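2 protein chains.
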Amino acid sequence: MKKKSNGQYLESSRRGEILVAAAELFRAKGYEATTIRDITTAVGIASGSTFCHFRSKREILDAVAIEGMRHVLSGAEAVVRRSLAPEECLRVLMRQHIGFLHDPPARDFVTVLLYESRALSVAAQKEVRLLMTRYEEIWKACLQGLATVPVGPVRESLLHRLLFGALNWSVHWYSPGDDPPPEVLAEELAGLVLPAMRVSAE
Amino acid sequence: MKKKSNGQYLESSRRGEILVAAAELFRAKGYEATTIRDITTAVGIASGSTFCHFRSKREILDAVAIEGMRHVLSGAEAVVRRSLAPEECLRVLMRQHIGFLHDPPARDFVTVLLYESRALSVAAQKEVRLLMTRYEEIWKACLQGLATVPVGPVRESLLHRLLFGALNWSVHWYSPGDDPPPEVLAEELAGLVLPAMRVSAE
DNA sequence: CCTACCGATCGGTAGG
DNA sequence: CCTACCGATCGGTAGG
Numbered sequence: 001m002k003k004k005s006n007g008q009y010l011e012s013s014r015r016g017e018i019l020v021a022a023a024e025l026f027r028a029k030g031y032e033a034t035t036i037r038d039i040t041t042a043v044g045i046a047s048g049s050t051f052c053h054f055r056s057k058r059e060i061l062d063a064v065a066i067e068g069m070r071h072v073l074s075g076a077e078a079v080v081r082r083s084l085a086p087e088e089c090l091r092v093l094m095r096q097h098i099g100f101l102h103d104p105p106a107r108d109f110v111t112v113l114l115y116e117s118r119a120l121s122v123a124a125q126k127e128v129r130l131l132m133t134r135y136e137e138i139w140k141a142c143l144q145g146l147a148t149v150p151v152g153p154v155r156e157s158l159l160h161r162l163l164f165g166a167l168n169w170s171v172h173w174y175s176p177g178d179d180p181p182p183e184v185l186a187e188e189l190a191g192l193v194l195p196a197m198r199v200s201a202e
Numbered sequence: 001m002k003k004k005s006n007g008q009y010l011e012s013s014r015r016g017e018i019l020v021a022a023a024e025l026f027r028a029k030g031y032e033a034t035t036i037r038d039i040t041t042a043v044g045i046a047s048g049s050t051f052c053h054f055r056s057k058r059e060i061l062d063a064v065a066i067e068g069m070r071h072v073l074s075g076a077e078a079v080v081r082r083s084l085a086p087e088e089c090l091r092v093l094m095r096q097h098i099g100f101l102h103d104p105p106a107r108d109f110v111t112v113l114l115y116e117s118r119a120l121s122v123a124a125q126k127e128v129r130l131l132m133t134r135y136e137e138i139w140k141a142c143l144q145g146l147a148t149v150p151v152g153p154v155r156e157s158l159l160h161r162l163l164f165g166a167l168n169w170s171v172h173w174y175s176p177g178d179d180p181p182p183e184v185l186a187e188e189l190a191g192l193v194l195p196a197m198r199v200s201a202e
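Right, here's the structure in full:
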């Protein structure tokens, strides 16, 4: 479940309801193709009422993306606190990342964050990038711990980007019915990466 | 260079000029955020003149995406004709795929194809999917040839999707100045996949 | 291929 | 939070 930092569910406030409806629509139709009227119809209020809670349509997008990125980062930070062995850490991070992409309601926020970042305000882009860097650092540390010989900085920053890509692309093809469950997906990617790390360590 | 099937350059016809300008704008701003007037200003004609060549804005998008997918497929088919050894085949396919994503002017067409497919007409979606399947078959055959024991159908169709993701995601971060050249990118991903294939074959 | 134009719809506002 | 509304801009058309 998605929470705000104050511990209340997003759905419990009108502002939160708008965010949840907007995230779902932005994911399904795209930011530009979604109108204020689409969102307010879903929530059940008049279109003008949007601007009691947000100054502009873009401000809704900014809030959705930042909320999504905070959710992702706090999940990864919880993994770090468990102090897992590197292999287990990577598996858990991957498993969780797939969940961020596919489990509602978080997936709406995260998918919008990934695929509409171009439309964010400059300030929101900066904020998201800041949180994203912290998320990436967690992955990098995990991958460093995995190699028995140190991995060069170029190769390291390339590796986590390739992994992110492999996972993030799944939003374009993954269907929960036909495709293997998240655990299998994570295991498959782990099976690809772990042998390669062992080879590079020889 | 991008060619039409009749051998003429796209830029040599007014219709082609519109396609090239539209592809560049769709890639940079997104389909919905790009206006007919953006496109015609870039080409240097009046906005109404668009409809001498296309019935609607969507028809431009359809043409851009199909042109992009045809370019990708014909490139891969040329690789197949070279009858390379599986390892070399994979490296060449990856190297070429990165080129499709990053070398102008093809990258505009291909990126739009990847990230605006939601906005395509139903007919164009079908056409693109048909060509895409043929492209995927080429990758699958190459990957099958790579394994010394047969790879299961689930694992096989997962593997090529993970590879596509790793490559396609690069449009979100790759910068030709700062990041390693396409050859290194392809080599890095090959270094990830090839050891895993060997392990799975043991 | 251009000029001139149009109906629809958009994000956003004023006043209550 | 609603009603009533507006200026701007959009994709697309008619006629030449």
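Line order of the protein sequences matches chains A and B.
For the first sequence, the UniProt record's numbering assigns the number 1 to the initial residue and increments by one for each residue that follows.
For the second sequence, the UniProt record's numbering assigns the number 1 to the initial residue and increments by one for each residue that follows.
Beta carbons are placed, not taken as given, at the ideal position from N, Cα and C, and that holds for glycine.
Computed from a prediction, not measured in an experiment: that's the story for all the values here.
- In this structure, ASP103 (chain B) and GLU24 (chain B) do not form a Cβ contact; the two beta carbons are roughly 14 Å apart against a cut-off of 8 Å.
- With contacts defined as CB atoms closer than 8 Å, ALA106 (chain A) and HIS53 (chain A) fail to qualify as a contacting pair.
- When rounded, the separation of the alpha-carbon atoms in ALA63 (chain A) and GLY16 (chain A) is 10 Å.
- Contacts with chain B at 8 Å (Cβ-Cβ) do not include LEU131 (chain A).
- The beta carbon of CYS89 (chain B) sits closer than 6 Å to those of CYS142, all from its chain and outside the five residues before and after it, given in chain order.
- The three-state reading of DSSP puts TYR9 (chain A) in strand, counting E and B together.
- For TRP139 (chain B), the enclosing alpha helix (DSSP H) stretches over residues 122 to 146.
- Interface with chain B (8 Å Cβ-Cβ cutoff): PHE54 (chain A) is excluded.
- Beyond the five residues adjoining it in sequence on each side, ALA42 (chain A) comes within less than 6 Å, by CB distance, of ALA21 in the same chain, given in chain order.
- A distance below 7 Å between beta-carbons, with the five flanking residues on each side excluded, links GLU87 (chain B) to the following residues of its chain, in chain order: LEU146, LEU194.
- Contact annotation: LEU113 (chain A) and VAL92 (chain A) have beta-carbon atoms that are not nearer than 8 Å.
- Sequence-distant partners of GLU156 (chain B) (beyond 5 residues in either direction) whose C-beta falls short of 7 Å from its own C-beta, in its chain, are LYS140, LEU143, GLN144.
- Taking the CA atoms as reference points, ILE138 (chain A) sits about 34 Å from ARG14 (chain A).
- With fewer than 16 other Cβ atoms inside 10 Å of its own Cβ, TRP173 (chain B) counts as exposed.
- Under a criterion of Cβ atoms nearer than 7 Å, the residues of chain B adjacent to VAL193 (chain A) are, in order, LEU192.
- Annotation for ARG134 (chain A): LEU73 place their beta carbon closer than 7 Å to its own, counting only its chain and skipping 5 residues before and after.
- The C-beta of GLY30 (chain B) comes closer than 8 Å to at least one C-beta of chain A.
- Under the three-state reduction of DSSP, GLY16 (chain A) is assigned to helix.
- Taken in chain order, the members of the segment 145 to 171 of chain A whose beta-carbon sits within less than 8 Å of a beta-carbon on chain B are VAL154, ARG155, LEU158, LEU159, ARG161, LEU162, LEU163, PHE164, GLY165, ALA166, LEU167, ASN168, TRP169, SER170.
- Ranking B:GLN125, B:ALA196, B:ILE45 by CA distance to the CA of GLU67 (chain B) puts B:GLN125 first.
- For ARG27 (chain B) and THR111 (chain B), the gap between their C-alpha atoms comes out near 6 Å.
- DSSP places ASP62 (chain B) in the helix class (H, G or I) of the three-state scheme.
- The contact set of LEU189 (chain A) on chain B, defined by CB atoms closer than 7 Å, consists of LEU162 in chain order.
- Residues of the segment 101 to 119 of chain A with a C-beta atom less than 7 Å from some C-beta of chain B are ARG118, listed in chain order.
- Sequence-ordered contacts of the UniProt domain "HTH tetR-type" (12 to 72) of chain B with chain A read GLY30, GLU32, ALA33 [C-beta pairs closer than 7 Å].
- Contact with chain A is absent for TRP139 (chain B), since none of that chain's Cβ atoms lies less than 8 Å from the residue's Cβ.
- Listed along chain B are GLY191, LEU192, PRO195, ALA196, each with a C-beta nearer than 7 Å to that of ALA196 (chain A).
- Straight through space, the alpha carbons of LEU19 (chain B) and TYR9 (chain B) are spaced by roughly 12 Å.
- Around the CB of ARG37 (chain A), fewer than 16 other CB atoms lie within 10 Å, so the residue is classed as exposed.
- Distance from the CA atom of PRO176 (chain B) to the CA atom of GLY75 (chain A), rounded to whole angstroms, is 33 Å.
- The alpha carbon of GLU116 (chain A) has as its nearest neighbour, out of A:ALA65, A:PHE164, A:HIS97, the alpha carbon of A:ALA65.
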